[in-house]
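Enquirer: Got a structure for you, questions after.
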Amino acid sequence: MQAELNELLVKAENRYLQTEELLGFKSYSETLAQRLKIYEFLRDREVVIFQPIADQISVIFPQEKQERLEQILQQWILILRHSAMAMLLNDSEYLQRRVIDWLSGIVEAHNSQAIDTQVYQLLNTRLNELLSAKAMVFIQPFLEQVKSYLLKP
Numbered sequence: 026m027q028a029e030l031n032e033l034l035v036k037a038e039n040r041y042l043q044t045e046e047l048l049g050f051k052s053y054s055e056t057l058a059q060r061l062k063i064y065e066f067l068r069d070r071e072v073v074i075f076q077p078i079a080d081q082i083s084v085i086f087p088q089e090k091q092e093r094l095e096q097i098l099q100q101w102i103l104i105l106r107h108s109a110m111a112m113l114l115n116d117s118e119y120l121q122r123r124v125i126d127w128l129s130g131i132v133e134a135h136n137s138q139a140i141d142t143q144v145y146q147l148l149n150t151r152l153n154e155l156l157s158a159k160a161m162v163f164i165q166p167f168l169e170q171v172k173s174y175l176l177k178p
């Protein structure tokens with residue numbers, strides 16, 4: 026959305042924006058308060074979200090070194106943080122530039138797809154437990170974006 030807003034600002038330098046041009050901005054501004062609440066919720070409850078996932082992942086993958094599992098969980102904490110920011114900005118390109126391009130190589134290089142897939146599923150379940158269906162509508166597309174790039178079959 027940031028690129029779209031910048032484009033609107035450039036257009037508005039010489040004229041008023043047309044109704045069609047304002048529709049995206051209206052939609053963005055009308056949902057901003059909701060997205061801010063969700064962002065703050067995720068920020069404030071990061072430990073509450075990830076502690077059960079950490080506990081479960083250790084049980085599911087007992088053969089894995091704890092250090093490796095912690096590293097993968099740290100990556101998923103970063104993924105959720107950046108997904109939350111992308112949701113707040115309503116900007117999937119932000120997520121692509123900040124996370125996906127960087128992490129896709131790491132997942133392949135470290136052969137962690139099975140663990141990453143499990144963490145994704147547990148995270149999705151956990152967020153569905155903690156967030157309302159209306160809130161999930163805002164964050165889910167960004168988590169799906171991560172899934173489609175990082176967790177290829």
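Take any residue in the sequence shown, count from 1 to its spot, add 25: that is its number in this note's numbering. C-beta: ideal position from N, C-alpha, C; glycine also.
#1: If we call anything under 9 Å between Cβ atoms a contact, is S108 one with L98?
#2: Thinking Q138 and L176 are a contact (beta carbons under 8 Å), I'd like their distance in whole angstroms, please.
#3: Counting Cβ pairs, one atom from each stretch, are 3 or more of them under 8 Å apart for the region 70-80 and the region 43-59?
#4: Comparing C-alpha positions only, which one of E92, A111, V72 and E89 sits nearest to Y64?
#5: In chain order, what residues of the same chain have a beta carbon less than 8 Å from the beta carbon of I18, not counting five sequence neighbours either side?
#6: Buried or exposed: where does V72 fall if 16 or more other Cβ atoms within 10 Å of its Cβ makes it buried?
Expert: Straight from the coordinates:
#1: Here residue 108 refers to the residue found at position 83 when the sequence shown is read from its first residue. Here residue 98 refers to the residue found at position 73 when the sequence shown is read from its first residue. Contact flag unset, no.
#2: Translated into positions along the sequence shown, residue 138 becomes position 113. Translated into positions along the sequence shown, residue 176 becomes position 151. Contact between Q138 and L176 holds, since their C-beta atoms are separated by about 7 Å, short of 8 Å.
#3: With contact defined as three or more Cβ pairs closer than 8 Å, the region 70-80 and the region 43-59 are not in contact.
#4: Walking along the sequence shown from the start, residue 64 turns up at place 39. Considering only E92, A111, V72 and E89, the residue with the shortest C-alpha distance to Y64 is A111.
#5: This structure does not reach residue 18, given that the chain is present from 26 up to 178, and the question cannot be answered.
#6: In the sequence shown, residue 72 corresponds to position 47, counting from 1. When all chains shown are included, V72 counts as exposed.
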